[in-house]
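Novice: Please find one structure pasted underneath; my questions will follow.
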Amino acid sequence: MHFKSHIFPGRSLQGTVFPRNKQGIKQFSSLSIDESCTPTITDLISKQHWSKLKTHVQNADPTTVLQQLLNSGADPELNLRYLTWSQREFKLSQSLELTFRILHSLALAKKYSKIRSFLDKFVKDEKDYSVSAVFHAISLSGDSFCVKSIVADMLVLAYVRNLKTLRGFEAFKRAGDYGFKLSVTSCNPLLSGLVKEGKIRDVEFAYGEMIKRKIELDVISFNTVVNGLCKVGKLNRAGDLTEDMKVWGVSPNVITYNTLIAGYCKMGRIGKMHKADAVLKEMVAKGVSPDEVTYNILIDGFYKDENASGATRVFGEMQRKGLKPNVMTYNILINGLCSDKKVDEAVALWDQMVSSGLEPNVVTHNTLLNGFCKNKTVNEAIKLFNDMAKKGVDPNARTYTTLIDAYCKDRRLEDAFALRDSMIDRGVFPEVSTYNSLIAGLCRKGDVEAAMKLMDEMAGKKLNPDIVTYNILIDSLCNRGESRTAVKLLDEIFSKGLNPTHVTYNTLMDGYCREGNLRAASNVRKRMESKGKQANVVTYNVLIKGFCLKGKLEDANGLLNEMLERGLVPNRTTYEIIKEEMMVKGFVPDIEGHFYNVSGTDSKRK
DNA sequence: GTAGGGTTAG
1 MHFKSHIFPG RSLQGTVFPR NKQGIKQFSS LSIDESCTPT ITDLISKQHW SKLKTHVQNA
61 DPTTVLQQLL NSGADPELNL RYLTWSQREF KLSQSLELTF RILHSLALAK KYSKIRSFLD
121 KFVKDEKDYS VSAVFHAISL SGDSFCVKSI VADMLVLAYV RNLKTLRGFE AFKRAGDYGF
181 KLSVTSCNPL LSGLVKEGKI RDVEFAYGEM IKRKIELDVI SFNTVVNGLC KVGKLNRAGD
241 LTEDMKVWGV SPNVITYNTL IAGYCKMGRI GKMHKADAVL KEMVAKGVSP DEVTYNILID
301 GFYKDENASG ATRVFGEMQR KGLKPNVMTY NILINGLCSD KKVDEAVALW DQMVSSGLEP
361 NVVTHNTLLN GFCKNKTVNE AIKLFNDMAK KGVDPNARTY TTLIDAYCKD RRLEDAFALR
421 DSMIDRGVFP EVSTYNSLIA GLCRKGDVEA AMKLMDEMAG KKLNPDIVTY NILIDSLCNR
481 GESRTAVKLL DEIFSKGLNP THVTYNTLMD GYCREGNLRA ASNVRKRMES KGKQANVVTY
541 NVLIKGFCLK GKLEDANGLL NEMLERGLVP NRTTYEIIKE EMMVKGFVPD IEGHFYNVSG
601 TDSKRK
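In the UniProt record's numbering, the protein residues as written are 1 to 606.
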């Protein structure tokens with residue numbers, strides 16, 4: 001018997017005009033429903049007799065059938081099953097209204113996991129639905145405001161978990177418009193997603209909204225926002241937030257403090273490790289005990305600040321406190337020693353690590369491998385690389401990239417490309433950085449054509465050039481005295497949605513400086529600053545060098561003063577560039593490397 | 001299952 005004739009014998013469904021309820025959803029009159037029909041359909045759905053169901057409904061409008069099911073009060077789970085089946089079978093999208101009415105009824109029945117998995121698929125292949133249309137559908141989906149909030153909440157989470165953070169944020173805002181109450185369970189991942197995408201303004205907006213909407217923020221919410229603020233260098237705001245959270249009855253925990261410490265460590269400011277140490281003292285004073293992570297962050301911070309003795313001191317303190325160094329601690333130490341060119345000590349530490357019962361992981365291997373490479377002992381690196389296979393530590397893309405880069409820098413391009421082939425053979429997929437190393441190698445050789453060919457190969461593998469790729473190209477052009485061509489790449493960078501980094505601008509400035517075009521260099525600086533990027537130490541080094549080369553020592557000195565006033569720490573290069581000139585002008589460096597003006601009355605210029 | 005730490009390319 002045919003489904004169509006079952007419901008409305010002798011009438012075409014499509015032509016039927018149904019009365020609408022107040023929400024504008026078509027409704028069946030109870031009189032027009034053949035009571036025996038829905039049980040048949042629900043029975044077929046529950047038994048998953050899809051082909052029978054298909055013959056049953058094929059001449060009916062699938063949407064109308066869905067409405068029929070909804071209004072018959074059938075099990076929402078079966079309605080959902082019919083919904084997904086009909087969409088797949090008839091290659092159509094059921095209306096948002098009906099879809100969310102089903103979700104509403106599922107939520108009423110507390111079948112949350114069904115909703116979760118449905119929404120997961122929904123946000124994955126949702127076509128042109130605007131978030132506002134979806135929210136309109138939610139608002140019409142039923143009577144229970146509370147249940148609608150739950151569905152909205154799950155929708156936000158579904159967006160975020162499927163990396164559609166922007167839509168998640170949009171949904172978060174819409175939820176506010178409708179007054180739906182969201183939970184920290186979805187807001188926290190949203191905050192976290194926004195932080196990962198560097199959308200700190202949105203993070204701050206969402207945070208403010210959460211407070212306004214009286215969503216009870218937990219320690220994770222605060223820590224996520226603190227982390228976001230730290231990532232963009234807003235350390236003061238991050239610190240304030242740590243105070244604010246107490247007002248909301250949430251106490252900072254070890255993760256809050258670790259995040260702050262890491263924030264200070266990553267900042268290129270003068271006295272940053274002093275600040276980091278201050279946070280450490282503060283947390284102890286507040287009764288929060290530092291853990292392994294705290295010490296790992298500090299050790300790494302001291303090494304990156306080129307303060308090996310500080311790092312050693314903290315490492316000792318960690319052990320005195322009874323905290324056991326873990327694999328990551330050793331990785332940090334080994335990396336620190338390698339960057340301090342003390343590869344032998346790094347190897348000794350590796351042995352110490354092994355004898356303490358810890359197993360070097362792939363990062364440990366990559367770190368030491370890199371140490372060997374950077375210290376011109378590529379053969380040692382190869383030995384270590386071969387050891388990995390024996391020990392069953394799988395090399396990853398970074399392992400290969402490190403070696404490939406070393407080969408390239410060693411002008412062994414053939415070996416580099418052979419390694420690229422071998423990694424592919426072993427199922428390790430090259431990354432953009434792998435190609436970047438190879439492109440840089442070819443550029444160094446002056447083989448721009450081959451570099452371009454490699455870019456095509458990347459495109460074929462769906463690997464998009466990143467900002468480093470462009471920086472390499474820019475550097476290569478600048479080295480050939482084609483800074484004017486290089487600067488044109490900036491537009492292309494923006495058009496690809498990439499953001500130039502300090503390196504990008506600094507490389508261009510360096511190019512112009514070496515061409516003696518200080519005016520163009522300072523224009524690049526202006527352009528950089530107009531994008532909200534302040535000159536960093538390298539910027540100053542490049543410009544100071546440019547001025548020195550032109551004999552404009554007054555200007556060079558002015559730049560040095562400017563960088564000191566801005567709290568930037570001149571590095572070894574800065575001093576190497578200007579040492580002679582500065583000494584001539586009556587400045588001598590002190591032990592810490594800061595200049596005293598011995599001829600003037602100025603106090604120490606830090 | 002939710003928040004913090006380490007390795008590559010410029």
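We treat Cβ as the ideally placed atom computed from N, Cα and C, and that holds for glycine. Values in this document were obtained by computation on a predicted structure and should not be read as measured data.
1) For the pair the region 508 to 520 and the region 467 to 480, tell me if three or more CB-CB distances fall below 8 Å.
2) Using a Cβ-Cβ cutoff of less than 6 Å, which residues in the same chain neighbour Val363 once the five nearest sequence positions on both sides are dropped?
3) Contact defined as beta carbons within less than 8 Å: I believe Asn366 pairs with Thr329. What is the distance between those atoms, to the nearest angstrom?
4) How many angstroms separate the CA atom of Arg527 from the CA atom of Pro500?
5) According to DSSP, is Arg269 helix, strand or coil?
6) Is DSSP giving Leu217 helix, strand or coil here?
7) Taking the straight line between their C-alpha atoms, what separation do you get for Gly24 and Leu80?
8) In terms of residues, what are the limits of the alpha helix (DSSP H) holding Asp202?
9) Bridge partners of Leu568, per DSSP?
10) Are the beta-carbon atoms of Pro325 and Glu292 separated by less than 9 Å?
11) For Lys374 and Tyr178, what's the separation of their Cα atoms in angstroms?
12) Can you tell me which of Pro465, Ser483, Arg480 puts its alpha carbon nearest to the alpha carbon of Ile493?
13) Would you call the region 543 to 563 in contact with the region 249 to 266, where contact means no fewer than 3 C-beta pairs closer than 8 Å?
14) Within 10 Å of its beta-carbon, does Cys146 have 16 or more other beta-carbons around it, so buried, or fewer, so exposed?
15) With DSSP run on the structure shown, which of helix, strand or coil describes Ser5?
16) Can you tell which of Tyr303, Val156, Arg525, Arg161 has its C-alpha closest to the C-alpha of Lys173?
17) First and last residue of the alpha helix (DSSP H) that includes Lys76?
18) Quick check on this structure: which residue in Asn370, Glu216, Asp277 has the alpha carbon closest to the alpha carbon of Val250?
19) Comparing alpha-carbon positions, which option in Arg525, Thr224, Lys47 lies nearest Thr185?
20) Span of the alpha helix (DSSP H) holding Val288?
21) Using only the alpha-carbon positions, how far apart do Arg101 and Pro290 sit?
22) Taking three-plus beta-carbon pairs below 8 Å as touching, is the region 275 to 286 in contact with the region 528 to 543?
23) What residue ranges within the UniProt repeat "PPR" (466 to 500) form continuous alpha helix (DSSP H) runs of no fewer than 4 residues, ordered along the chain?
24) In angstroms with no decimal places, state the Cα-to-Cα distance between Ile404 and Ala451.
25) Answer yes if the region 92 to 99 comes into contact with the region 52 to 61, meaning at least three C-beta pairs across the two stretches below 8 Å, and no otherwise.
26) For Gly532, which of helix, strand or coil comes out of DSSP?
27) Quick check on Val134: does DSSP put it in helix, strand or coil?
28) Here's the rule I'm using: 16 or more other beta-carbon atoms within 10 Å means buried, otherwise exposed. How should Ser32 be labelled?
29) Tell me the DSSP secondary structure of Ala521 in three-state form.
30) Arg167: buried (16+ other C-beta within 10 angstroms of its C-beta) or exposed?
31) My guess is that Val195 and Asn227 are in contact by the Cβ rule of under 8 Å, so how many angstroms apart are they, rounded?
32) Quick check on this structure: which residue in Asp128, Ala175, Tyr129, Ser130 has the alpha carbon closest to the alpha carbon of Val151?
33) Looking at the secondary structure, which residues open and close the alpha helix (DSSP H) in which Trp248 lies?
34) Nearest CA to the CA of Tyr257: which residue from Ile270, Val247, His49, Ile220?
35) Ends of the alpha helix (DSSP H) at Tyr435?
36) Note the first and the last residue of the continuous alpha helix (DSSP H) segment covering Val151.
Specialist: In terms of the structure at hand:
1) yes
2) Asn331
3) Not really, about 16 Å apart at Cβ, beyond 8 Å.
4) 11 Å
5) strand
6) coil
7) Confidence at Gly24 is low in this model, with a pLDDT of 38, below 50, so its placement is unreliable and the value that follows should be read with caution. For Gly24 and Leu80, the distance between alpha carbons rounds to 21 Å.
8) 200 to 212
9) Arg269
10) The answer is yes: Cβ separation under 9 Å.
11) 58 Å
12) Pro465
13) no
14) Per the 10 Å Cβ criterion, exposed.
15) Because Ser5 carries a pLDDT of 28, less than 50, the predicted location of this residue cannot be relied on, and the following value inherits that uncertainty. In this structure, Ser5 counts as helix in the three-state DSSP scheme.
16) Ranking the options by Cα distance to Lys173, first place goes to Val156.
17) The question names Lys, but residue 76 in the sequence shown is Pro. Per DSSP, Pro76 belongs to the alpha helix (DSSP H) from 76 to 89.
18) Glu216
19) Thr224
20) No alpha helix (DSSP H) holds Val288; DSSP gives it neither H nor E.
21) 50 Å
22) no
23) 467 to 479, 483 to 495
24) Approximately 15 Å between the Cα atoms of the pair.
25) no
26) coil
27) helix
28) Confidence at Ser32 is low in this model, with a pLDDT of 36, below 50, so its placement is unreliable and the value that follows should be read with caution. Answer is exposed; the Cβ neighbour count stays below 16.
29) helix
30) By the 10 Å Cβ count, Arg167 comes out buried.
31) Contact flag correct, Cβ pair sits at about 6 Å.
32) Ala175
33) Unbroken run through Trp248: none, as it is neither H nor E.
34) Ile220
35) 432 to 445
36) Note, Val151: alpha helix (DSSP H), 145 to 161.
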